[in-house]
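Peer 1: For the protein sequence lines, the chains are A and B, in the order given.
FYI, our numbering numbers position 87 of the first sequence as 87, with every residue one higher than the one before it.
So the number in our numbering is just where the residue sits in the second sequence, counting from 1, plus 149.
Got a structure for you, questions after.
2 protein chains.
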Amino acid sequence: MNTKTDKTPLLDEQLCFAIYSTSLAMSKVYRPLLAKLGVTYPQYLVLMALWNQDQVTVSEIGSRVFLDSATLTPLLKRMESAGLVERVRSARDERQVIVSLTPAGRDMQKEAGKIMSSVLCATQCSKEEAIALKDQLVALRNNLEKSIQ
Amino acid sequence: MNTKTDKTPLLDEQLCFAIYSTSLAMSKVYRPLLAKLGVTYPQYLVLMALWNQDQVTVSEIGSRVFLDSATLTPLLKRMESAGLVERVRSARDERQVIVSLTPAGRDMQKEAGKIMSSVLCATQCSKEEAIALKDQLVALRNNLEKSIQ
DNA sequence: GAAAATTAAATCGTTTACAAATTAATCGTT
DNA sequence: AACGATTAATTTGTAAACGATTTAATTTTC
């Protein structure tokens, strides 16, 4: 039995659960939009990272999207099979793999604007509200990253 | 090449990426704390849902944590193997499975308070800031859920 | 009251995440 | 130059997520 005086942590009072469930909801909004392009949300993040600058190592991508090589290696192989990126071992340092966009991967940027506005619409946020919330989350993420070694 | 006049969507400007990466960072903070109890973060969410009220169906848990039976069935089986919950098919309606806490699952609530305060500390947020951010995310999640059918 | 529709879980296949271990290349120190 | 330490990526194993399908039970409709 549960009373108002006990200390049961309520799901709906948890910031962590709000973040977690909102992240899943966001993925569900993106999924059908990205499916038309044949990519998943994490793949789309990698594309965004590469549109900004490509010809970068797996680790460099990892530091941009906060994922490690154990996640990225298979993901990048799938993107390579799909013809979106190229993976070439660096001649200067044979440990590194340099990832670059194919023309198909680069062309997808043209569709990105439409997707972004669809999602902004689904959020029902103004651009200002979205930016303000983003800034708070980035600050929180920075604090959390500090406490992870 | 990237200039200030092009329309490259920048990762660091995206609300969705801020949510996604903060959610992963939050999981990384929780992981070692929950590992001591032998549970994962989604399992911890299910425990929280059940501490509030147990003897509920898989769907009821799903509606509380925003996950479907395809995710929950295997997760609950793992929790059952770990001795945290019991799964019994309902006699009244044989389609349903009623999930309840074992004493071990219920006892874990005692540790939850410590974990919550560790995580709040890692966020570097005051309780008021955490609540305010949570409320904004819940509002966003509600908007996103509306646009998912 | 039998057939059709709906509902609840479970199953299947694919794709993340990530700890831990492995492989291979480079660096640093002597 | 040589060998131990470090680094980059990959591999392995486990656990989510979830669309799509399946199975079985209940409800609705005729």
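Note that beta-carbon positions come from the ideal geometry of N, C-alpha and C, so glycine has one too.
1. Can you grab the Cα-Cα spacing for the pair L84 (chain A) / P103 (chain A), in whole Å?
2. Under a three-way DSSP split, which group does K90 (chain A) fall into?
3. Name the residues in the segment 187-206 of chain B whose C-beta lies less than 7 Å from a C-beta of chain A; which are they?
4. Suppose the cutoff is 7 Å on Cβ atoms and the five residues either side in sequence are ignored; what does the same chain contact list for Q55 (chain A) look like?
5. What span of residues does the alpha helix (DSSP H) with L75 (chain A) cover, start to end?
6. Which of helix, strand or coil does DSSP assign to S275 (chain B)?
7. Kindly give me the distance between the Cβ atoms of A25 (chain A) and R290 (chain B), rounded to whole angstroms, as I take these residues to be in contact under 8 Å.
8. Within this structure, are the beta carbons of Q151 (chain A) and N292 (chain B) separated by less than 9 Å?
9. Out of curiosity, what's the CA-to-CA distance linking P42 (chain A) and A240 (chain B)?
10. Any heavy atom of the ligand NAD inside 8 Å of the beta-carbon of G187 (chain B)?
11. Within 8 Å, do at least three Cβ pairs link the segment 110-119 of chain A to the segment 157-170 of chain B?
12. Taking only beta-carbon atoms, is K185 (chain B) less than 9 Å away from chain A?
13. Give the DSSP-derived three-state secondary structure of T22 (chain A) in the structure shown.
14. Applying the criterion that 16 or more other CB atoms from any shown protein chain within 10 Å of the CB defines a buried residue, is I168 (chain B) buried or exposed?
15. V99 (chain A) bridges to which residues according to DSSP?
Peer 2: Result, derived from the coordinates:
1. By one-based count along the first sequence, residue 84 (chain A) stands at place 84. By one-based count along the first sequence, residue 103 (chain A) stands at place 103. The straight-line gap from Cα to Cα measures roughly 8 Å.
2. Within the first sequence, numbered from 1, the residue matching residue 90 (chain A) stands at position 90. Note that residue 90 (chain A) corresponds to Ser in the displayed sequence, not to Lys. Looking at S90 (chain A) - three-state DSSP - the assignment turns out to be coil, as it is neither helix nor strand.
3. L194, M197, A198, W200, N201, Q202
4. Here residue 55 (chain A) corresponds to residue number 55 of the first sequence, with the count starting at 1. So the qualifying residues of the chain are I98, S100.
5. For the purposes of this step, residue 75 (chain A) is taken as residue 75 along the first sequence, with counting starting at 1. Segment 69-81, the alpha helix (DSSP H) holding L75 (chain A).
6. Mapped onto the second sequence, residue 275 (chain B) falls at position 126. Coil.
7. Counting from one through the first sequence, the residue named residue 25 (chain A) turns up at place 25. Counting from one through the second sequence, the residue named residue 290 (chain B) turns up at place 141. 5 Å between Cβ atoms; contact.
8. This structure cannot settle anything about residue 151 (chain A), because the visible part of chain A is limited to 1 through 149.
9. Numbered from its first residue, the first sequence carries residue 42 (chain A) at position 42. Numbered from its first residue, the second sequence carries residue 240 (chain B) at position 91. Rounded to the nearest angstrom, the two C-alpha atoms are 43 Å apart.
10. No copy of the ligand NAD appears in this structure; indeed no ligand is present at all.
11. yes
12. Numbered from its first residue, the second sequence carries residue 185 (chain B) at position 36. Closer than 9 Å: no.
13. The residue you call residue 22 (chain A) lines up with position 22 of the first sequence. Residue state, collapsed to three classes: helix.
14. Numbered from its first residue, the second sequence carries residue 168 (chain B) at position 19. By the neighbour-count rule (16 or more Cβ atoms within 10 Å), I168 (chain B) is buried.
15. Taking the first sequence and counting its residues from 1, one reaches residue 99 (chain A) at position 99. In DSSP, V99 (chain A) forms a bridge with A:V56, A:R87.
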